[in-house]
Amino acid sequence: MGNAHNSIIFHPEKCAGCSTCMLACARAKTGSDDIRHSRIAIQPGAMTLAGDAPAETALALCRQCGDPKCVQNCPSTALSINADSGVIDWNGNKCIDCLLCTVGCSYGGIAVNEADGRVMKCDMCAGDPACVKACPNGALELNRSAELYQEFGHKEDLFVPGLSACQGCNSELLIRHTLRKVGSNVVLATPPGCIPGMGTVGYNGKTGSKVPVFHPLLTNTASMLAGIKKQYNRLGRDVTMLALAGDGGVGDVGFQSLSGAAERNEQMLFVCVDNEGYMNTGMQSSGSTPAGSW
Amino acid sequence: MSIDQSKAIKQQADAPAKSTGQARPAVSVKALRRLPDSVVCDGNEASAWAVALARPDVIAIYPITPQSSLVEYLSQFVAEGLIDAELMNVEGEHSVMSALQGAALAGARTYTATCGPGLAFMFEPYIRTPGLRLPIVTSLVTRDTLTPQCVWGGQQDAMLVKEVGWIQMYCESVQEVLDTTVMSFRIGEHPDVMLPVNVNSDGNYLSYGVTGIDLPEQADVDAFLGQKNINWHAALDPERPMAIDPLTGGAGGPGPSLFVGYRKGQCDAMQNALQVIEDAHEEWAQRVGRRFAPLIEQYRLDDAEYAIVTIGSMTGAAKDAVDAARERGEPVGLIKVKTFRPFPVAAMQKALSKVKAIGVVDRAVNFGWNSGPLFQETLAAAHGLQRYLPAASFIGGLAGADITTDHFDRIIHDTARLLDGQVIDSPVWVNQHD
Amino acid sequence: MSQPIKTRADNLIPYQPIYPDQVPDTYCPVAKEPAQMLPGDWRSMRPVVDRDKCVKCATCWIYCPVQCVVEKAAWFDINLATCKGCGICAQECPQRAITMIEEAGK
Amino acid sequence: MHELRIHGRGGQGAVLASKILAKALVSEGLHVTAIPAFGFERRGAPVAAFMRYSDRPIRRINNIYSPDTVMSIDPSVIHSVNIFEGMQAGGTWIHTGRAEPDELVFPDSLATLALCDAVGIAMQVFRRNITNTIMLGAFAKATGLVSLDALKKGLESASFRDAGLHQNMLAVERGYEETRLFHLNNACAAKTPKPAAGALEDRI
């Protein structure tokens, strides 16, 4: 079980500066419409983020940092990382309002509440931030990547670390996550194409997978898997059949065996990684290549 | 019955053994309905009886004339519980062989049958099976190939795939079809062989030729086949994870030597098969009491001056013709090839050493040599005799044509003329003037 | 749909697969040893994580094709042994905590 | 060795008849090979089945070119196919039809003629023109080489559905009973006289 948490993302290009979020935050936290109580502040584009075009607006909001400077700087341990929610909790009783915490904060996420002179910061509204819900333009987004990580982060990546896919290859991303999710009680078929091309079935005596894996023909992935499944059913063993095929292996030359398998109600998980072309052989068009795309 | 009712039955019948409780016990032995001791049937039905005796795990089928009644018998036997196997009625021959490869890699003993255009469509996975070293048994109810379009017998389909690395045995009679089909499981699954096996029977003449045959006892067959072990060398099994057929070869690193190792391994296996085929036939003769010449059959060769060479079901009429010729004082003998792949060079040379001329009767055409394929192979074997052996190529029985004893009389007559210097350097088309 | 489905006969002959520990390597090509290739040397650009900005939201972990993102106590870091320098993590990081810099070798 | 050619039309069960007859002959201890003429056996199209039977093993697997026995299980097929092609002298012709011998055209070397109104019987027994099992009865009567019991055993192993089996048993019996045998005493009839119907001892 890793330790990652949901967080709020700001899309400056969508922000109209209407401060509805601030109103929502003030109401959620203090019940009043006085936006001075708002833990979130939209400010004129004072702080541009590296690499982006200067935006009209910037967001001052605690992002519940992984390595929070505020917690380090606080002399009275009023700030602490909540292990469960990842939120940086503020303890009003210990806080002496010295504002040392604002030093080093990358996000202007901790500030003085001018109404009551106390330090205030966002606490993520128990995981369901009011500001995000209130924003009419979608400028605020609750990033839930962490939930995926919490659920699957600890599961083993069943491919070897080094696969020779191109830099940034979406297929490599897809197959690693897919196989991690499906698990090791599996027989994996990778019909010829980029997926075995990057070495999942290995090269000269070395394998790229930690699970049973094989090259079917580009034409018979579904029927080979069907045969394997038949025998395991016969032996009373429930093994998952997984195919990681490209669009050619599914919709062009591999379609007949797939259609036959479907008609016969064969049981297999057939993933089509549709990169819309025969990429392994150098980008020829396939049945799923949109007209005019090359 | 409404469509969804039949679909429901189909789904239930196909439903896998759920792992929750009602999974069928992986290992259980229950007496099968007793198989008959003898049957009057055709070659296709005989093949189905042989498959019932061999107890395969997974059978994949797709019908094609003249094999079609074979797969009908298989389906009927499975439905009646004579064969307890997973029967896959797939959408084409390509998937037939593919499904069986998958099943074999999961440990199944597998079987199918096809011919002609079906074999051509199956060719992509067919050529891969020997490399995977999977002992899949496939009967070829041989049929001539297109074009011209025909649905009748001939051996062109089996001959066209002779370089792929499958063991190929040709049967002379329906009884031999049954016995050879059972033997082929043992031959293919022998640890020193581990190669797929084709049992070839002539379309129409054997496939639909009805005659009386005897069935061996199931216990004898079980003892003869012994403990099956199909995927000890390569498995797709989560309990033994491995990659099957990774990319191999290229110019650098271990590639070249690895690749040569696999090819050489395949050739060694084919050579081992020669002895394994002989042993299998020998033990079959002892256990079941029927003896067939495993590689080459010599018929009345010891006192022969010249011989005709035959293959498949034409041999019956040929033997009758040889007997008749002998009564006319013609010193003719007969050499029958049963095992065509691996080609039994030594056994052929031993037979050829007894004669001074041969007439090779093919049921297929070798377009490259303007002769029959068996003619070309026999000549290649004759090279070892280190003497000139006059030979003539006869091509008959194409697309179901009938090679009768009259035809063989003329073949014997033509072959005899080779002894006194006559040269026949282009093929004699036996049925051209039928 | 009254008539019962005919149950199949049970005549599996006892089947205990015997797997020898040593299989001659001239049979079917198989591979059991994992490949050791580490594509770290493919990089021309290298990702750097700003520890102060990382909110540990794991977005980089999700989008990294090589899955070489490693969780540390206070931030997510990149395993440079296998990172190919594709820059997706920098592109996807919602907090702009990752920047790509020229690859300077070791 | 005997060579029999069965002529009929697709769908009348000529090939099935050859299979049942083969089983019956084997149960009589004979060696048999039977192959159908291979083609597209469309319903109604002329069809042939070839059989050899002998007390010695048969090796050759060929069609039949010079039969000693010809059986036509359909009265009209004789008009579309020359069923007597290559027939040996002194042969036997088993035919279905109501015609009398003098109304029929056949080689003058024919020694034995067996006639059975199989179509009439079929209409009564099956109410359809299926004559194959009836003509097996006729064959037994004409050649004496196979007994009714052997034919019945052959019928049992063919997969007739329950009612079908009973009807076919009746059909083969009637075929046997109602077949009329004519020994044609023309000059070149076979030397050895044909056995009277039902006598099995004079087996060739």
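Residue numbers (the numbering used here), protein chains in the order written: chain A, 1 to 294; chain B, 1001 to 1434; chain C, 2001 to 2106; chain D, 3001 to 3204. We treat Cβ as the ideally placed atom computed from N, Cα and C, and that holds for glycine.
Any non-hydrogen atom of the ligand FAD within 7 Å of residue i CB
i, result
"A:P44", "Of ligands this structure carries none, so the ligand FAD is not represented either."
Terminal residues of the beta strand (DSSP E) in which residue i lies
i, result
"A:V239", "Note, A:V239: premise wrong, no beta strand (DSSP E); not H, not E."
"B:V1423", "From DSSP, B:V1423 is part of no beta strand (DSSP E); its letter is neither H nor E."
"B:N1200", "V1197 to D1202"
"D:H3095", "T3092 to T3096"
"B:V1210", "V1210 to D1214"
"B:A1103", "Element bounds for B:A1103: not the beta strand (DSSP E) but the alpha helix (DSSP H), E1093 to L1105."
"B:Q1168", "I1167 to Y1170"
Residue i - partner residues in DSSP beta bridges
i, result
"A:W90", "A:L79"
"B:Y1306", "B:V1332 and B:A1357"
"B:W1429", "B:I1395"
"D:A3049", "D:I3006 and D:P3036"
"A:N137", "Paired residues: none, contrary to the question."
"A:T57", "A:P44"
"D:M3071", "D:I3006 and D:I3094"
"A:F159", "A:S209"
Outcome for residue i when other beta-carbon atoms lying within 10 angstroms are tallied against a minimum of 16
i, result
"A:Q284", "exposed"
"B:T1310", "buried"
"B:S1028", "Any answer about B:S1028 is weak, because its pLDDT of 37 lies below 50 and its placement is not dependable; what the coordinates show is given next. Exposed."
"B:D1202", "buried"
"A:C65", "buried"
"B:A1351", "buried"
"A:W90", "buried"
"B:S1047", "buried"
"B:D1434", "exposed"
"B:A1031", "Here the model assigns B:A1031 a pLDDT of 45, short of 50, so the residue's position is not dependable and the matter cannot be decided."
"C:S2002", "Since pLDDT at C:S2002 reaches only 31, below the 50 mark, its modelled position is unreliable, and no value is offered."
"D:R3056", "exposed"
"A:C122", "buried"
"B:T1405", "buried"
"A:E13", "exposed"
"C:A2073", "exposed"
"C:A2056", "The question names Ala, yet the displayed sequence has Lys at residue 2056 of chain C. C:K2056 is buried by the Cβ-count criterion."
"B:S1173", "buried"
"D:V3105", "exposed"
Contact belief for residue i with residue j at Cβ below 8 Å, rounded distance in angstroms
i, j, result
"D:P3046", "D:V3081", "5 Å"
"B:F1394", "B:V1430", "5 Å"
"C:A2031", "B:A1243", "4 Å"
"B:T1114", "B:L1100", "Actually they do not touch by this definition, with Cβ atoms about 11 Å apart."
"A:C21", "A:I40", "5 Å"
"D:N3063", "B:A1317", "Contact doesn't hold; Cβ gap of about 11 Å is too wide."
"B:K1354", "B:L1301", "5 Å"
"C:I2088", "C:C2068", "11 Å between Cβ atoms; not a contact."
"B:E1091", "A:T219", "With a Cβ gap of about 12 Å, B:E1091 and A:T219 do not count as contacting."
"D:G3137", "D:T3179", "7 Å"
"B:Y1306", "B:A1416", "6 Å"
"D:A3140", "D:L3151", "6 Å"
"C:P2094", "A:N143", "5 Å"
Terminal residues of the alpha helix (DSSP H) in which residue i lies
i, result
"D:G3137", "N3132 to T3143"
"A:L179", "N170 to V182"
"B:Y1205", "Here B:Y1205 belongs to no alpha helix (DSSP H), and DSSP marks it neither H nor E."
"B:N1272", "G1255 to V1288"
Open item on the list: With three or more C-beta pairs closer than 8 Å as the rule, is the region 1279–1288 of chain B touching the region 1168–1184 of chain B?
Closed with: yes
Task: Contact the region 1256–1269 of chain B vs the region 1141–1160 of chain B: 3+ CB pairs below 8 Å - done: No: fewer than three Cβ pairs fall under 8 Å.
TODO: Kindly confirm or deny that the region 22–39 of chain A and the region 68–86 of chain A touch, where touching means at least three C-beta pairs closer than 8 Å.
DONE: no
- [ ] Would you check if there are 3 or more beta carbon pairs closer than 8 Å linking the region 3041–3057 of chain D to the region 3004–3016 of chain D?
- [x] yes
- [ ] Mind the definition here: the region 1395–1402 of chain B touches the region 1148–1158 of chain B only if three or more C-beta pairs lie below 8 Å; say whether that holds.
- [x] Yes, since at least three Cβ pairs between the region 1395–1402 of chain B and the region 1148–1158 of chain B fall closer than 8 Å, the two stretches touch.
Open item on the list: With three or more beta-carbon pairs closer than 8 Å as the criterion, would you say the region 196–205 of chain A touches the region 222–231 of chain A?
Closed with: no
Open item on the list: Check whether the region 1270–1279 of chain B and the region 1312–1328 of chain B touch, using three or more Cβ-Cβ pairs below 8 Å as the test.
Closed with: no
Open item on the list: Does the structure place the region 119–134 of chain A close enough to the region 168–181 of chain A that three or more beta carbon pairs sit under 8 Å?
Closed with: no
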